[in-house]
Amino acid sequence: HAMTSRDAVIDHELLGGLRAAVPVPLVLHGSSGASDEELARAVAGGIRKVNIGTALNIAMTGAIRERLAQDDRGVD
Numbered sequence: 024h025a026m027t028s029r030d031a032v033i034d035h036e037l038l039g040g041l042r043a044a045v046p047v048p049l050v051l052h053g054s055s056g057a058s059d060e061e062l063a064r065a066v067a068g069g070i071r072k073v074n075i076g077t078a079l080n081i082a083m084t085g086a087i088r089e090r091l092a093q094d095d096r097g098v099d
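Count the sequence shown with the working numbering and you get residues 24 to 99, in order.
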């Protein structure tokens, strides 16, 4: 969680074993640290929900900072 780099490696062999072992949709938590290629491979391997909260938080706070910098009357 809270990874700001995108170099996390997903254990796709483990993912395949989990998919075979349980009859429920699989969710990948902490996915902001994985590359697009890793996420695509995980979805192909059975992941049905991808959580990317850190990436969304970075985008949101960046946009807020940019907006506040444009108008010195703004407060945070």
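For glycine and all other residues, C-beta sits at the position ideal for the given N, C-alpha and C.
None of the values given here were measured: they were computed from a predicted structure.
Ignore the nearest five residues each way along the sequence and tell me which others in P48's own chain have a CB closer than 7 angstroms to its CB.
Within the sequence shown, numbered from 1, the residue matching residue 48 stands at position 25. So the qualifying residues of the chain are R71, K72.
Is the beta carbon of A67 less than 9 angstroms from the beta carbon of L51?
Numbered from its first residue, the sequence shown carries residue 67 at position 44. Numbered from its first residue, the sequence shown carries residue 51 at position 28. Not a contact, by the Cβ cut-off of 9 angstroms.
Can you grab the Cα-Cα spacing for the pair G39 / P46, in whole Å?
Taking the first residue of the sequence shown as 1, we reach residue 39 at position 16. Taking the first residue of the sequence shown as 1, we reach residue 46 at position 23. Near 12 angstroms, if we compare the C-alpha coordinates of P46 and G39.
DSSP three-state call for R64: helix, strand or coil?
Mapped onto the sequence shown, residue 64 falls at position 41. Three-state DSSP puts R64 in a helix.
Would you say G53 and A86 are within 9 angstroms of each other, going by their C-beta atoms?
If you number the sequence shown from 1, residue 53 lands on position 30. If you number the sequence shown from 1, residue 86 lands on position 63. No, Cβ-Cβ distance for G53 and A86 is not below 9 angstroms.
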